[in-house]
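Reading through the structure tokens given below for one structure.
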Ligand SMILES: Cc1cc2nc3c(=O)[nH]c(=O)nc-3n(C[C@H](O)[C@H](O)[C@H](O)COP(=O)(O)OP(=O)(O)OC[C@H]3O[C@@H](n4cnc5c(N)ncnc54)[C@H](O)[C@@H]3O)c2cc1C
Ligand SMILES: Cc1cc2nc3c(=O)[nH]c(=O)nc-3n(C[C@H](O)[C@H](O)[C@H](O)COP(=O)(O)OP(=O)(O)OC[C@H]3O[C@@H](n4cnc5c(N)ncnc54)[C@H](O)[C@@H]3O)c2cc1C
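Protein chains in written order, with the working numbering: chain A, 1 to 264; chain B, 265 to 584.
Now the structure itself:
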């Protein structure tokens with residue numbers, strides 16, 4: 001039996017661009033280029049490696065996002081994923097964490113899965129909790145924040161991994177189905193090859209809306225949100241500091257500055 | 265007055281500083297009731313009472329150490345049901361956020377992660393968050409259910425406020441899900457004797473410019489002269505010069521110390537995401553065009569191998 005892997009991938013505004021909020025206090029997506037969240041590239045990479053090790057595996061990449069989010073799916077397909085699902089619906093605009101995890105969980109169930117792999121966090125919202133929420137909603141083990149991951153025994157097998165925490169490094173183990181998230185320590189993601197990019201154009205991308213997932217519009221979107229953003233203000237630019245060129249006394253000058261500020 | 269649940273982060277009974285900060289914030293919105301789980305849970309009571317906990321709910325069981333996250337969610341849910349609080353506050357550690365999120369879904373509530381400040385509002389607590397690598401500040405609240413909010417370290421100054429801190433045993437029955445993810449091995453992190461990175465008042469960081477693991481001794485010597493924690497950029501971590509646990513930035517720790525000193529770090533957006541809110545920022549970099557200089561209160565354009573040792577020596581001299 002084939003090991004069914006679903007990888008969640010988020011389409012986010014480029015972190016090196018001038019990111020800001022729109023008038024309705026959601027992320028402004030018009031002024032900044034979007035891309036596949038770099039931390040989800042690590043999830044795609046680990047899925048590809050797990051699939052390589054398995055006798056038979058199929059990787060589906062899944063995103064919840066606007067029309068342009070197809071770019072994120074294409075990138076993941078060109079890295080080597082087999083097919084894609086795009087959940088797209090005008091009523092999804094402004095969905096928060098709880099709503100996003102609901103939509104993802106319903107889509108994952110509809111797609112069918114043995115293993116879900118997510119990134120450690122998105123590069124825009126950066127909450128880092130969607131994978132744990134998927135495990136909660138799907139009722140399967142969470143094996144999250146792994147810097148090392150492996151799967152043995154196919155669809156009814158076991159997932160093992162290493163989680164490097166603040167106070168300890170832990171070895172984890174759970175039986176499938178399970179939800180995994182991987183950190184940027186899990187191994188560099190491959191670049192899509194020219195062949196991969198060409199092949200991606202022919203791979204199937206399925207589109208689902210809220211009705212397909214039997215989700216009511218009032219469970220998602222800005223209206224259905226469990227949270228409300230009241231204001232977003234740009235941080236005032238820092239006042240220009242003193243910059244000196246070291247001409248032999250740079251360390252001493254810096255020490256004097258630190259002393260003046262009472263750090264010494 | 266409404267009760268506010270505060271999840272306690274502790275190591276064998278020693279309460280970590282972010283929890284004491286949470287108690288300070290919790291008092292702005294109600295009466296803190298602390299929840300301490302695992303080995304040494306009851307030993308946390310004195311410190312928690314000293315900082316304002318009116319009650320300390322404790323529970324220990326093998327499940328907390330043997331299985332990942334879910335046993336703690338079960339316990340926090342039990343505390344939630346016992347107390348019916350006005351809000352639930354959890355420290356923004358990786359695990360804390362996962363516990364808080366799962367609780368939120370179970371109790372039908374929204375969640376705000378990584379708050380950097382918290383105040384009472386007409387429609388429930390208002391949380392301040394820092395967005396897009398700290399270039400924006402947002403104010404948000406929970407509009408459905410009981411507010412579940414995770415708060416970053418260094419979001420409030422710890423204030424003593426002695427309260428009863430009566431210890432009560434929490435009754436917990438674990439769900440079937442609790443034993444889903446086994447912890448089959450654990451290697452505790454060795455202490456360096458330096459302050460914890462996210463809790464330190466001063467952080468001294470090195471980047472690619474440090475140019476080798478052995479050269480990090482220069483950064484460590486400066487840190488020790490200031491009683492500081494040591495941080496590193498991802499470039500330095502990826503090169504294997506310093507452990508990943510010391511990485512500062514988007515995928516590392518976010519720090520907000522009184523003083524941040526960056527040496528041989530260019531100041532890429534992902535690094536800035538983790539240190540931009542530091543009160544005073546200092547950089548040593550040989551490239552006058554490095555973006556880190558846009559952030560600094562004081563910058564030295566120069567070779568870190570010259571500047572940093574001189575700085576350390578001068579600090580040690582001044583200290584006498
Ligand atoms: C600055 C900012 C702050 C925010 N704060 C909050 C908040 O406090 N509370 C709240 O409820 N909402 C918040 N949101 C909204 C929230 O970011 C979105 O709802 C989001 O889609 C889910 O959270 P995340 O991006 O933080 O996910 P994370 O939990 O950081 O993402 C982890 C992984 O989940 C997967 N994933 C997440 N979203 C998607 C998606 N749409 N499609 C596919 N995979 C996905 C990816 O694999 C990702 O790597 C915030 C948004 C922004 C921009
Ligand atoms: C998804 C994602 C997440 C990321 N997360 C993080 C993160 O959490 N933390 C992080 O730091 N980065 C992160 N990065 C990487 C980030 O983009 C940068 O690549 C990284 O911060 C660069 O590290 P650096 O400044 O040490 O190196 P460089 O950018 O190479 O800069 C080195 C600097 O040292 C200076 N220098 C060299 N020699 C000397 C000398 N002798 N004396 C003085 N100065 C000298 C140079 O002038 C230069 O400015 C992330 C990237 C991505 C894509």
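C-beta atoms are modelled at their ideal positions from N, C-alpha and C, and glycine is treated no differently.
Spatially closest choice to residue i from the options, by CA coordinates
i                      : options                    : result
residue 297 of chain B : B/283, B/289, B/317        : B/317
residue 509 of chain B : A/208, A/235, A/243, A/185 : A/185
residue 7 of chain A   : A/75, A/32, A/257, A/92    : A/75
residue 158 of chain A : A/140, A/42, A/222         : A/140
residue 530 of chain B : B/453, B/499, B/382, B/514 : B/499
residue 202 of chain A : A/61, A/78, A/21, A/66     : A/78
residue 52 of chain A  : A/97, A/120, A/2           : A/2
residue 513 of chain B : B/501, B/388, B/562, B/309 : B/501
residue 211 of chain B : B/447, B/543, B/378        : Lying before the first or after the last residue shown, residue 211 of chain B is absent from chain B, which here runs from 265 to 584.
residue 333 of chain B : A/263, A/163, A/250, A/207 : A/163
residue 83 of chain A  : A/239, A/200, A/92, A/229  : A/200
residue 385 of chain B : B/294, B/554, B/346, B/339 : B/294
residue 418 of chain B : B/357, B/347, B/581, B/327 : B/357
residue 98 of chain A  : A/24, A/191, A/131, A/232  : A/131
residue 506 of chain B : B/486, B/479, B/519        : B/479
residue 330 of chain B : A/161, A/236, A/170, A/31  : A/170
residue 323 of chain B : B/519, B/303, B/521, B/315 : B/303
Alpha carbon of residue i to alpha carbon of residue j, nearest angstrom
i                      : j                      : result
residue 69 of chain A  : residue 35 of chain A  : 8 Å
residue 422 of chain B : residue 289 of chain B : 9 Å
residue 463 of chain B : residue 517 of chain B : 11 Å
residue 103 of chain A : residue 525 of chain B : 43 Å
residue 348 of chain A : residue 281 of chain B : Here chain A covers residues 1 to 264 and nothing more, so residue 348 of chain A does not appear.
residue 467 of chain B : residue 222 of chain A : 39 Å
residue 551 of chain B : residue 354 of chain B : 41 Å
residue 216 of chain A : residue 412 of chain B : 24 Å
residue 240 of chain A : residue 544 of chain B : 12 Å
residue 95 of chain A  : residue 459 of chain B : 39 Å
residue 128 of chain A : residue 584 of chain B : 46 Å
residue 381 of chain B : residue 565 of chain B : 35 Å
residue 433 of chain B : residue 346 of chain B : 11 Å
residue 267 of chain B : residue 383 of chain B : 15 Å
residue 146 of chain A : residue 578 of chain B : 43 Å
residue 45 of chain A  : residue 271 of chain B : 35 Å
residue 340 of chain B : residue 231 of chain A : 31 Å
residue 166 of chain A : residue 455 of chain B : 11 Å
residue 242 of chain A : residue 251 of chain A : 14 Å
residue 476 of chain B : residue 494 of chain B : 15 Å
residue 504 of chain B : residue 148 of chain A : 16 Å
residue 225 of chain A : residue 219 of chain A : 7 Å
residue 292 of chain B : residue 426 of chain B : 15 Å
residue 260 of chain A : residue 369 of chain B : 50 Å
residue 181 of chain A : residue 9 of chain A   : 11 Å
residue 133 of chain A : residue 574 of chain B : 50 Å
Within chain B, partners of residue i - CB distance below 7 Å
i                      : result
residue 153 of chain A : Simply none; closest approach about 15 Å.
residue 167 of chain A : 275, 452, 453
residue 157 of chain A : Here the premise fails: no neighbours, minimum Cβ distance about 15 Å.
residue 177 of chain A : Those within 7 Å of residue 177 of chain A in chain B number zero; the least Cβ separation is about 10 Å.
residue 137 of chain A : 369
residue 44 of chain A  : Those within 7 Å of residue 44 of chain A in chain B number zero; the least Cβ separation is about 16 Å.
Chain A contact residues for residue i, given Cβ-Cβ distances below 9 Å
i                      : result
residue 361 of chain B : 127, 128, 129, 132
residue 561 of chain B : 238, 239, 241, 242, 257, 261
residue 332 of chain B : 141, 142, 143, 144, 163, 170, 172, 174
Beta-carbon proximity list for residue i, same chain, < 6 Å, skipping 5 on both sides
i                      : result
residue 408 of chain B : 374
residue 527 of chain B : 470, 548, 568, 572
residue 312 of chain B : 298, 320, 429
8 Å Cβ cut-off: residues of chain B touching residue i
i                      : result
residue 231 of chain A : 402, 403
residue 63 of chain A  : By Cβ distance, chain B contributes nothing, its closest Cβ being about 20 Å from residue 63 of chain A, past 8 Å.
8 Å Cβ shell around residue i - same chain, five flanking residues per side excluded
i                      : result
residue 344 of chain B : 269, 352, 367, 371, 410
residue 561 of chain B : 544, 545, 546
residue 107 of chain A : 62, 64, 85, 87, 208, 213
residue 327 of chain B : 335, 438, 442, 443
residue 405 of chain B : 376, 385, 387, 388, 389, 390, 391, 411
Same chain, Cβ closer than 7 Å to residue i, neighbours up to 5 away in sequence not counted
i                      : result
residue 124 of chain A : 12, 13, 27
Chain B residues whose Cβ lies nearer than 9 Å to that of residue i
i                      : result
residue 15 of chain A  : 396, 397, 514, 533, 534, 537
residue 183 of chain A : 508, 515
residue 21 of chain A  : 395, 396, 400, 402
Closer than 5 Å to ligand 2: residues, by C-beta to nearest heavy atom, in chain order: A/38, B/471, B/472, B/473, B/497, B/498, B/499, B/513, B/514, B/515, B/516, B/528, B/529, B/530, B/532, B/534, B/535, B/549, B/550, B/551, B/554, B/567, B/568
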